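Asks: Got a structure for you, questions after.
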Amino acid sequence: MTIFLKILAFLLGLTVAVQLVAALFGIVDLRYALARAWPRLVRGILIWSAATVLLAWLLGPGYRLSFLLGVVLYLPFYYVCVYLGGKLFFRRNLNLLEREK
Amino acid sequence: MGGEVLTLGQVRRGDVAVAGGKGANLGEMVAAGFPIPPGFVVSAGACAAFFRHIELAERLEGLSELTDEAVKRRCDEIRRMIYQAEPPGPLADDIMSAHADLTREMGGEPVYAVRSSATAEDLGEASFAGQHETYYYVTPDKLLDMVKRCWASLWSPEAVSYRRTQGIDHAEVFMAVVVQEMIRSEVSGVTFTVNPVSGDSGEIVTESSWGMGAAIVDGRVTPDHWVVTREGLSLKEKRIAEKKYLVPARLEEGQKTRLLETPLDLRKKETLTLEQLRLVSQWALKAEEHFGGPQDVEWAMAQGRFYLLQSRPVTIMGREEIGRGLEGAYVIFKPIVENFTEPLTPLTAEAFQVAFSPPLMRIIKGWLYVSLRHIRAMLPFKLTDEELAQMLYSFDNQPERFRVSPAKLPFFLIGLYLFYLTMGVFSARTWNIPGDFMDGFRRLAREVDEDDSLGPVEAMTKLFLWSRFFQPVGHQVMLVNFTSLRYFIWMGLLQKFLRAWTPDIRSDAESLLCSGAEGVLSAEMGRGIWSLAKTAGKNPRVREILEANKPENALALLKAVPEAQEFVFELDRFLEKNGHRGLKELEMASPRWAESPAPVLGMVRNYLLVEADPEGHEKAVNQARRDLEAEIKTRLEKLPLEKPFRLRWRVVKFIARQSKHFSRMRENSRFYHTLGFYIIRRKVLRIEAELMAQGRLKCKGDVFYLKKKELDRLQSGELGWLDVEDVIRERRMEYIRLSKMSPPKVLGLKLPVKKSEPAEDEGETLRGQSASPGAYQGLAHVILDPSTDIELKPGEILVAPYTDPAWTPLFLTAGAAVVEIGSYLSHAGTVAREFGMPCVVDLPDCTKLIHTGDRISVDGDHGLVRFIRGQEGEL
């Protein structure tokens, strides 16, 4: 049961990290309009950072590590899966074209 | 005349082995009294003698066992050998003596058309493998060279590969060559004695254009299209096209390309009189009678005389041929195909193929299809192929009950969670983001455009793929477009809540509530055109020029008039922002407004002619929305606990706001990805210009009929014009054949015929798909091209093959819209809902079934169009 709950805590960490990473990407996305959009940006980062800390605290020492592992491991997962994966996908499609007679 | 060179009069139908199919056919027609241009045939025996003379047999040893690369090298070697060798003396003398006889017969110095003529029936298919060279404008000093080039066409790698797969002995294949006087035609065309698309034998179809016929045959111009009845030869259909290009009868000194721009006054002029059309049809019927089957006849007219150039059996390419031999079942991908009435050109198709994922999505004959097998694997439901195809084709065709597959459900849930982990960040990044977040894409596009080191593929990577990890989300317009699909979820929710809480509210309540979003770039573009029309309307000189001249001529006139400078300046500013738009803008081959602003001027002229008032219309829609909001609020107040908390109203407002946000995101991301396509088009056009300057391409637009690999090889010098000429011609021909048919909805399975509700007047009812609710009755106006046919009177019903932003001004004056293809999500549906007019889409052939002047009623709630007979033309 503990293992199962630890897995759930890990998945919860991944899920929260999606929103946290998105909020942090706001720095890049809203850079063009910082003067007017900074409250939205700061609010997003604060809310999701606070949510992460709060959840880590609420989960207690038994599941905290699993949860934080989920949060921390999400970024490399995202980089490899989406960014590098996208590049590989494009390369594969180009190769398919090259191989076509 | 020598034994290996024969006049056309000496050849008959049975002489295929000597004169080739084309030569034998022409000889037969000469004997039967058809007006064939004079000429002679260099027989297949002459070709055999030449091959013996150059000892070709030695080079053919082991040819069939070589690798593809080695075959290519060997073919290059053989062709070079043929080009360099002189024909044996007597043969050369015979050919030149035939030329001398022809010169005497015709008087003056003739110019020839030199055509290869394959000798074996089983080589018929090989014409697709590059074995049918035709050379025009051949002067006597080039005659022998061109005959050799026809012989050399037997040794293209494609032709060798074809013979290898068919088991044909390379040493036994020879080519006859037909040399004919080239008719310097004023008008030329093709006539089919049976409709080549529908197979209707009661119709004779003619396509005609100015100048030489090559422009039509190679598919480089849109010709005038005529249909006459077989019985009585009465005119049934006439479509006068804008013939932008022609192949002139004479090449000027130093002229590199065969294709020239047609003089402006001829572009929209009818190429044939009714009398000429009947003459052409009569000769085509005579050819049919002579050969005993439907014929496809090439003809020309010069100095008042009619010439028949070629007659061959009609090839009817049915829709059933598309996807033949394909494994699996596919359904057309409507969100993309709704933008096209025509298939994608090969280069654009490859660009799509790179962006989408085969085998989930495949381009088949230029149309984008989705594999049912792959989609089924992703869904947790038990669905038959038919149910799945119906569901994917139209969201209206949902199965009555979804049966969940317990075995697939866990995999589906895991897949859904993985999808959230990968796409969730994008979704969250675009949630509640300011409306102008994609504006930076314009700067990125300019940088990519100006960077000469980037080719089309690199440009595509930069513009459409995630090229840097820390790239603003506004630069990833394709992904934004994908995430904006949430619009449909919010719209679905809005519909559910509204219908539950206010059951009898007006049928277009959801779309009206979501209308009026600020910052929608395509709507701003529409306002920009209206603003241009206002500026033009204030200036009598500008107004006069626009109203009295065709849009193509108007710009030059406006630029020359000092009073028009304010208008011209505003037009330039408009094009700076919107110049990447145009008709069929997902097709790279389509010209854009920046290159040819005539469609914009056409729309301005349309506003001036119909005296529409878009601002008034916008105000009316805003007022209608406010009234609707007040009505919903009043009705909700009657529900328990609504008055103190207004919870339901807040829910409705929130959902409508989200729908607007994602709808704007969808429209704007489309605006920007068409800008991306435009940049890629510019890169391709620069390559085309270079290749044309080097003589490796001859005609504008041909580049889009090549594939990336061929383009790379042309650029590197591995291939030349002669290597790609036939490929381009064949692809253009196939493109034309495909353009004339609507794509099959499904491949690899049969769908049951649409269920139809019984109706008293079913025979007079056309059934499509509802895209915007409401009902309207009025006169139909069929418009095929908004750049040439723009005069829609207020209140008329627009009947169109498809629509895109260039059509938007017509919606202002239309009372309703009926469109051949599309869906609820298509441009026609979106704009019609925005303008509060009924719209029916997905009505195949409606532009043929409905005629301008028919009185029809459009039922946008049920997707029905009814003819109201006996009242045509009355208002």
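Just so you know, the protein sequences line up as chains A and B, in that order.
With my numbering, letter number 28 in the first sequence gets 39, and the count goes up by one each step, no holes.
With my numbering, letter number 647 in the second sequence gets 650, and the count goes up by one each step, no holes.
A virtual CB, placed ideally from N, CA and C, is assigned to each residue, including glycine.
Keep in mind that this is a model prediction, so the values were computed, not measured.
Return the chain-ordered list of same chain residues with a C-beta closer than 7 Å to the C-beta of B/A22, the five sequence neighbours on each side being excluded.
Replies: If you number the second sequence from 1, residue 22 of chain B lands on position 19. Cβ within range, chain order: L9, V14, G30, V44, S46, S120 and A179.
Asks: Where do the ends of the beta strand (DSSP E) carrying B/K241 lie?
Replies: Start at 1 with the first residue of the second sequence, and residue 241 of chain B comes out as number 238. Per DSSP, B/K241 belongs to the beta strand (DSSP E) from L238 to R242.
Asks: Can you find the residues in the same chain that come closer than 6 Å, C-beta to C-beta, to B/A820, ignoring five residues on each side of it along the sequence?
Replies: The residue given as residue 820 of chain B occupies position 817 in the second sequence. Within the same chain, B/A820 has close Cβ partners L801, A831, A835 and C842.
Asks: Using 9 Å as the threshold, is the C-beta distance between B/G214 and B/A252 below it?
Replies: On the second sequence, position 211 is the one that residue 214 of chain B refers to. On the second sequence, position 249 is the one that residue 252 of chain B refers to. Yes, they are a contact pair.
Asks: With three or more C-beta pairs closer than 8 Å as the rule, is the stretch 524-535 of chain B touching the stretch 706-718 of chain B?
Replies: Result no; under three Cβ-Cβ pairs closer than 8 Å.
Asks: What number of angstroms, rounded off, separates the C-alpha of A/Q30 from the C-alpha of B/G427?
Replies: Indexing the first sequence from 1 puts residue 30 of chain A at position 19. Indexing the second sequence from 1 puts residue 427 of chain B at position 424. Those two C-alpha atoms are separated by around 8 Å.
Asks: Which residue wins for smallest C-alpha separation from B/D71, given the options B/V163, B/W810 and B/Y138?
Replies: Working through the second sequence from its first residue, we reach residue 71 of chain B at position 68. Of the candidates B/V163, B/W810 and B/Y138, the one whose C-alpha sits nearest the C-alpha of B/D71 is B/V163.
Asks: Specify the secondary structure class of B/L801 as computed by DSSP and reduced to three states.
Replies: Start at 1 with the first residue of the second sequence, and residue 801 of chain B comes out as number 798. Three-state DSSP puts B/L801 in a strand.
Asks: Can you give the beta carbon distance from B/P226 to B/S211, rounded, assuming they're within the 8 Å contact cut?
Replies: The count along the second sequence starts at 1 and reaches residue 226 of chain B at position 223. The count along the second sequence starts at 1 and reaches residue 211 of chain B at position 208. That belief holds up - the Cβ atoms of B/P226 and B/S211 are roughly 6 Å apart, short of 8 Å.
Asks: Can you name the start and end residues of the alpha helix (DSSP H) that B/E632 belongs to?
Replies: Start at 1 with the first residue of the second sequence, and residue 632 of chain B comes out as number 629. Taken as a continuous stretch (DSSP letters only), the alpha helix (DSSP H) holding B/E632 covers P617 to E640.
Asks: Per DSSP, what kind of secondary structure is B/H784 in: helix, strand or coil?
Replies: By one-based count along the second sequence, residue 784 of chain B stands at place 781. Residue state, collapsed to three classes: strand.
Asks: Indicate whether at least one CB of chain B lies closer than 9 Å to the CB of A/V10.
Replies: As shown, chain A starts at 12 and ends at 112. That puts residue 10 of chain A outside it, with no answer to give.
Asks: B/R107: buried (16+ other C-beta within 10 angstroms of its C-beta) or exposed?
Replies: Position 104 of the second sequence, counted from the first residue, corresponds to residue 107 of chain B. So B/R107 ends up on the exposed side.
Asks: Which same chain residues end up closer than 7 Å to B/F384 when comparing Cβ atoms and leaving out the 5 residues on each side of it in sequence?
Replies: On the second sequence, position 381 is the one that residue 384 of chain B refers to. Result list for B/F384: F405, R406, V407 and S408, in chain order.
Asks: So which residues on chain A does B/Q356 lean against when the C-beta distance must stay under 8 Å?
Replies: As a working note, residue 356 of chain B is residue 353 in the second sequence. Those are N104, L107 and L108, listed as they occur along chain A.
Asks: Report the rounded CA-to-CA distance for B/A174 versus B/F54, giving the unit in angstroms.
Replies: The sequence position of residue 174 of chain B within the second sequence is 171, counting from 1. The sequence position of residue 54 of chain B within the second sequence is 51, counting from 1. Looking at the two C-alpha atoms, the distance is approximately 9 Å.
Asks: Classify B/Y610 as buried or exposed, calling it buried when 16 or more other Cβ atoms lie within 10 Å of its own Cβ.
Replies: Counted from its first residue, the second sequence places residue 610 of chain B at position 607. Under this definition B/Y610 is a buried residue.
Asks: Can you pull the chain B neighbours of A/L25, defined as C-beta to C-beta under 8 Å?
Replies: Your numbering for residue 25 of chain A matches position 14 in the first sequence. Result: L424.
Asks: Out of B/Y423, B/R77 and B/F648, state which residue places its alpha-carbon closest to the alpha-carbon of B/E161.
Replies: As a working note, residue 161 of chain B is residue 158 in the second sequence. The residue with the shortest Cα to Cα distance from B/E161 is B/R77.
Asks: According to DSSP, is B/E178 part of a helix, a strand, or is it coil?
Replies: Position 175 of the second sequence, counting from 1, holds the residue named residue 178 of chain B. Sequence inspection shows Met at residue 178 of chain B; the Glu mentioned does not correspond to that position. In the structure shown, B/M178 sits in a strand (DSSP, three-state: E or B).
Asks: Under 9 Å between the Cβ atoms of B/D788 and B/L586?
Replies: Locating residue 788 of chain B in the second sequence gives position 785, where the first residue counts as 1. Locating residue 586 of chain B in the second sequence gives position 583, where the first residue counts as 1. Cβ distance < 9 Å, so B/D788 and B/L586 count as in contact.
Asks: DSSP three-state label for B/S46, please.
Replies: Translated into positions along the second sequence, residue 46 of chain B becomes position 43. DSSP places B/S46 in coil when its eight states are reduced to three.
Asks: With burial defined as no fewer than 16 other Cβ atoms inside 10 Å of the residue's Cβ, what is the status of B/P459: buried or exposed?
Replies: Counted from its first residue, the second sequence places residue 459 of chain B at position 456. Buried, by the Cβ-count rule.
Asks: If contact means a Cβ-Cβ distance below 9 Å, which residues of the stretch 403-437 of chain B contact chain A?
Replies: Under the 9 Å Cβ criterion, the stretch 403-437 of chain B contributes Y420, L421, Y423, L424, T425, M426, G427, V428, F429, S430, A431, R432, T433, W434, N435, I436 and P437.
Asks: Using alpha carbons as the reference points, say which of A/F100, A/L95 and A/R47 lies closest to B/F473.
Replies: Along the second sequence, read from residue 1 onward, the residue named residue 473 of chain B stands at position 470. For the residues A/F100, A/L95 and A/R47, the minimum Cα distance to B/F473 belongs to A/L95.
Asks: On the three-state DSSP scale, how would you describe B/H228?
Replies: Here residue 228 of chain B is taken as the residue at index 225 of the second sequence, counted from 1. It is a strand residue.
Asks: Just tell me which of B/R489, B/L350 and B/D452 has its CA closest to the CA of B/F429.
Replies: Locating residue 429 of chain B in the second sequence gives position 426, counting from the first residue. Checking every option, the nearest Cα to that of B/F429 belongs to B/R489.
Asks: In the DSSP assignment, find the beta strand (DSSP E) that holds B/I207 and state where it starts and stops.
Replies: Translated into positions along the second sequence, residue 207 of chain B becomes position 204. Unbroken beta strand (DSSP E) run through B/I207: E206 to W213.
Asks: If the criterion is Cβ atoms closer than 9 Å, does the pair B/T464 and A/F101 meet it?
Replies: Taking the first residue of the second sequence as position 1, residue 464 of chain B is located at position 461. Taking the first residue of the first sequence as position 1, residue 101 of chain A is located at position 90. In contact: B/T464 and A/F101 (Cβ atoms closer than 9 Å).
Asks: Would B/F814 be called buried (16 or more neighbouring beta carbons within 10 Å of its own) or exposed?
Replies: As a first step, residue 814 of chain B must be located in the second sequence, where it is residue number 811. Buried.
Asks: Roughly how many whole angstroms lie between the Cα atoms of B/E579 and B/K411?
Replies: Position 576 of the second sequence, counted from the first residue, corresponds to residue 579 of chain B. Position 408 of the second sequence, counted from the first residue, corresponds to residue 411 of chain B. Each residue's Cα considered, the two are about 52 Å apart.
Asks: Mapping DSSP to helix, strand and coil, what is B/R253?
Replies: The sequence position of residue 253 of chain B within the second sequence is 250, counting from 1. In this structure, B/R253 counts as coil in the three-state DSSP scheme.
Asks: Could you please give me the residues that DSSP links to B/W370 through a beta bridge?
Replies: Start at 1 with the first residue of the second sequence, and residue 370 of chain B comes out as number 367. Paired residue(s): B/I367.
Asks: Check for me: the beta strand (DSSP E) holding B/S314 runs from which residue to which?
Replies: As a first step, residue 314 of chain B is located in the second sequence; it is residue number 311 there, counting from the start. Element bounds for B/S314: R308 to P316.
Asks: Within the stretch 79-151 of chain B, note down every full alpha helix (DSSP H) run reaching 4 residues or more, in order along the chain.
Replies: Qualifying alpha helix (DSSP H) stretches, in chain order: 92-109.
Asks: Are B/L769 and B/L846 close, meaning C-beta to C-beta below 9 Å?
Replies: Your numbering for residue 769 of chain B matches position 766 in the second sequence. Your numbering for residue 846 of chain B matches position 843 in the second sequence. For B/L769 and B/L846, yes; Cβs fall inside 9 Å.
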